[in-house]
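See below for the structure under consideration.
Protein chains: 2
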Amino acid sequence: MSRNLLLISTSTTHGTGYLEHAETEIKELLKGKSSILFIPYARPNGISHKDYTAKAREAFEKWGISVTGVHEYDNPVKAVQEAEAVFIGGGNTFLLLKQLYANKLVDPLKERARKGMPYIGTSAGTNVAGKTIGTTNDMPIVHPKTLDALELVPFNINPHYLDPLPDSTHMGESRETRILEFHGHNRQPVVGLREGSMLRVESDKIRLLGPLTARVFLQGQKPMEFAPSDDITFLLEAY
Amino acid sequence: MSRNLLLISTSTTHGTGYLEHAETEIKELLKGKSSILFIPYARPNGISHKDYTAKAREAFEKWGISVTGVHEYDNPVKAVQEAEAVFIGGGNTFLLLKQLYANKLVDPLKERARKGMPYIGTSAGTNVAGKTIGTTNDMPIVHPKTLDALELVPFNINPHYLDPLPDSTHMGESRETRILEFHGHNRQPVVGLREGSMLRVESDKIRLLGPLTARVFLQGQKPMEFAPSDDITFLLEAY
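Sequence lines, in order, name chains A and U.
Numbering follows the UniProt record's numbering, in which position 138 of the first sequence is assigned residue number 138; successive positions increment by one, without gaps.
Numbering follows the UniProt record's numbering, in which position 10 of the second sequence is assigned residue number 10; successive positions increment by one, without gaps.
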């Protein structure tokens, strides 16, 4: 598979501007391209497609990349088929996936991204690149017909991965507990991607980028920590 | 509607034992009853139905109430139809709702609870008493065919309601933001029920119990805080 993916945990880390912390990696991914198709369906804070696209445009234009929003096209399928690159932004993962199916973009996105079209995801856009959205942190504000996602990688991602807060008195489940529960019903590995972390996938190579380690959950095994220098190729192999 | 419900945000508050903080209210609800049917489907931490039922049994037996688990019956529908009272415990709300549908318990539970059978929910068990589970905090580890729930009340509940942490550097959405996004796609009111809070519904009367206020979200309006002494009857009226 000729993949060319940049899967980012969060668009904005604490104290940096929109996409700023991933600037080097985004520029490297888009070398030689002059445009990107933005998919604003996840609508963080309920922002409109237009306003969300304007936000993405502002960031990419500084880097010499022009941005169009997929909602601006009469034929969104054709827009995906002809895009130089695609960026799916964060927001609500359920809403995003439902809209991807409603607009029949799941198959075209799979096809293009598996043939090497550069794909950038942040948060929800990273989530949908995985096998399913079953490890999203979001609220199910709408009900997609399935949780099956783009499966550009054969594992699930948990963006904004959060370690347990040692002094919390809140009785909700920790992220780790939730993922262990997920593995009571699903086989695929889960990568807990902390804010500031990214996965860079080039064909059959995968690297963890950013300053932090990632927490990897395999069904029936103790969670493991991997550093950016570690070999995590096994994640791309069948499980 | 002859309802008799106790909808508890969390089974266990910080520093108290299982169900302890709701002991007075549970005893009042079950006055004159000697048994309760426990529905362990939500399986917190992936605990077995048997072990989860043992935990509930330990709590209720101290109060002179015998507990059976619905999984112990060959005919779970009949078990619901004949129960003196029902308790649905917390865990994963998606798994709980999926199992309620799989075992055909949604309609029998609705019917019994709307005719006055005492119903206790904690966390996920409180969530499913609402109109939909669209305001759960849980991870979608399985995919129920619908988010429509028991609708014992005409609003949604967000258990374990959490105020924004003022000093957090984490970029995930606040609970309030998520609920405002929910209202971009759904009309029904949402009650954010903090840990330690409970809703007591008797026919067409509703009271907030516990030491804290609850945060109430109506579509298109600013969130409101209601204290236990406030009249919140409007929540039971059509919206």
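The beta-carbon is built from N, C-alpha and C at its ideal position, and this holds for glycine as well.
Contact with chain U by residue i, beta-carbon distance below 8 Å
| i | result |
| --- | --- |
| phenylalanine 217 of chain A | no |
| arginine 103 of chain A | Contrary to the premise, residue 103 of chain A reads as asparagine rather than arginine in this sequence. No, asparagine 103 of chain A does not count as interfacial toward chain U. |
| proline 140 of chain A | yes |
| asparagine 92 of chain A | yes |
| asparagine 137 of chain A | yes |
| histidine 49 of chain A | no |
Residue nearest to residue i in terms of C-alpha spacing, selected from the options
| i | options | result |
| --- | --- | --- |
| arginine 25 of chain U | U/Pro189, U/Gln81, U/Pro108 and U/Tyr119 | Note on residue identity: the sequence assigns glutamate, not arginine, to residue 25 of chain U. The option with the nearest alpha carbon to glutamate 25 of chain U is U/Tyr119. |
| methionine 224 of chain A | A/Pro189, A/Arg114, A/Arg112 and A/Lys104 | A/Pro189 |
| aspartate 204 of chain A | A/Ile65, A/Arg114, A/Leu212 and A/Gly121 | A/Arg114 |
| glycine 90 of chain A | A/Tyr161, A/Gln99 and A/Pro40 | A/Pro40 |
| aspartate 230 of chain U | U/Ala124, U/Gln221, U/Lys222 and U/Thr213 | U/Thr213 |
| aspartate 138 of chain A | A/Gly15, A/Thr13, A/Asp148 and A/Ser123 | A/Ser123 |
| asparagine 156 of chain A | A/Pro166, A/Thr135 and A/Leu147 | A/Thr135 |
| methionine 1 of chain U | U/Asp51, U/Asn75 and U/Gly116 | U/Gly116 |
| leucine 147 of chain U | A/Phe182, A/Phe94, A/Arg112 and A/Ala129 | A/Phe94 |
| glutamine 81 of chain A | A/Gln99, A/Asn186, A/Lys98 and A/Leu109 | A/Leu109 |
| asparagine 186 of chain U | U/Lys27, U/Val70, U/Pro154 and U/His160 | U/Pro154 |
| isoleucine 232 of chain A | A/Lys222, A/Gln219, A/Arg215 and A/Gln221 | A/Arg215 |
| arginine 57 of chain U | U/Phe38, U/Arg200 and U/Pro164 | U/Phe38 |
| glutamate 111 of chain U | U/Lys98, U/Asn92, U/Gln99 and U/Ala149 | U/Ala149 |
| valine 86 of chain A | A/Glu237, A/Gly69 and A/Glu151 | A/Gly69 |
| leucine 218 of chain A | A/Tyr18, A/Ile206 and A/Glu237 | A/Glu237 |
| tyrosine 52 of chain A | A/Ser11, A/Pro166, A/Leu30 and A/Glu84 | A/Ser11 |
| glutamate 84 of chain A | A/Lys222, A/Leu29 and A/Phe226 | A/Leu29 |
| leucine 199 of chain U | U/Pro228, U/His71 and U/Lys50 | U/Pro228 |
| arginine 3 of chain U | U/Lys98, U/Val201 and U/Leu165 | U/Val201 |
| glutamate 151 of chain A | A/Pro166, A/Leu209 and A/Asp107 | A/Asp107 |
| phenylalanine 60 of chain U | U/Lys27, U/Leu235 and U/Thr16 | U/Lys27 |
Where the alpha helix (DSSP H) through residue i begins and ends
| i | result |
| --- | --- |
| threonine 177 of chain U | 175 to 182 |
| glutamate 61 of chain A | 49 to 61 |
| arginine 114 of chain A | 106 to 114 |
| isoleucine 26 of chain A | 23 to 29 |
| alanine 102 of chain A | 93 to 102 |
| valine 142 of chain A | Premise fails: valine 142 of chain A is in no alpha helix (DSSP H) and is neither H nor E. |
| residue 257 of chain U | Past the edges of chain U, shown from 1 to 239, lies residue 257 of chain U, and the structure says nothing about it. |
Min CB distance residue i to chain A below 8 Å
| i | result |
| --- | --- |
| isoleucine 133 of chain U | yes |
| histidine 21 of chain U | no |
| glycine 46 of chain U | yes |
| histidine 14 of chain U | yes |
Extent of the continuous beta strand (DSSP E) run through residue i
| i | result |
| --- | --- |
| proline 68 of chain A | The sequence shown places threonine at residue 68 of chain A, not proline. 66 to 69 is the extent of the beta strand (DSSP E) around threonine 68 of chain A. |
| isoleucine 88 of chain A | 86 to 88 |
| leucine 235 of chain A | Counting along the chain, leucine 235 of chain A falls outside any beta strand (DSSP E), and DSSP gives it neither H nor E. |
| valine 128 of chain A | Valine 128 of chain A -> no beta strand (DSSP E), and no H or E assigned at all. |
| proline 159 of chain U | 156 to 161 |
| tyrosine 119 of chain U | 119 to 122 |
| leucine 6 of chain A | 4 to 8 |
| alanine 214 of chain U | 214 to 217 |
| lysine 205 of chain U | 205 to 209 |
| glutamate 202 of chain A | 198 to 202 |
| valine 153 of chain U | Here valine 153 of chain U belongs to no beta strand (DSSP E), and DSSP marks it neither H nor E. |
| glutamate 225 of chain U | 224 to 226 |
| leucine 165 of chain U | Neither: leucine 165 of chain U is in no beta strand (DSSP E) and is coded neither H nor E. |
| serine 11 of chain U | Run containing serine 11 of chain U: none; DSSP gives neither H nor E here. |
| glycine 192 of chain U | 190 to 194 |
| serine 35 of chain A | 35 to 39 |
With a threshold of 8 Å, are at least 3 pairs of Cβ atoms found where one atom belongs to the segment 189 to 207 of chain A and the other to the segment 35 to 44 of chain A? The segment 189 to 207 of chain A vs the segment 35 to 44 of chain A: no contact.
For the segment 169 to 202 of chain A, which residues have a beta carbon sitting closer than 9 Å to at least one beta carbon of chain U? Cβ contacts with chain U: Thr169, His170, Met171, Gly172, Glu173, Arg175, Thr177, Arg178, Ile179, Leu180, Glu181, Phe182, His183, Gly184, His185, Asn186 and Glu195.
For the segment 142 to 160 of chain A, enumerate the residues whose C-beta is nearer than 7 Å to any C-beta of chain U, in chain order. So the list reads Val142, His143, Thr146, Leu147 and His160, given in the order they occur along the chain.
Would you check if there are 3 or more beta carbon pairs closer than 8 Å linking the segment 172 to 181 of chain A to the segment 138 to 145 of chain A? The segment 138 to 145 of chain A and the segment 172 to 181 of chain A do not touch, with fewer than three beta-carbon pairs separated by less than 8 Å.
Would the segment 26 to 35 of chain U count as touching the segment 57 to 69 of chain U if we require 3 or more Cβ pairs under 8 Å? With the cut-off at 8 Å, the segment 26 to 35 of chain U and the segment 57 to 69 of chain U touch.
Sufficient close CB pairs (3 or more, under 8 Å) joining the segment 99 to 113 of chain U to the segment 70 to 81 of chain U: Verdict: yes, contact present.
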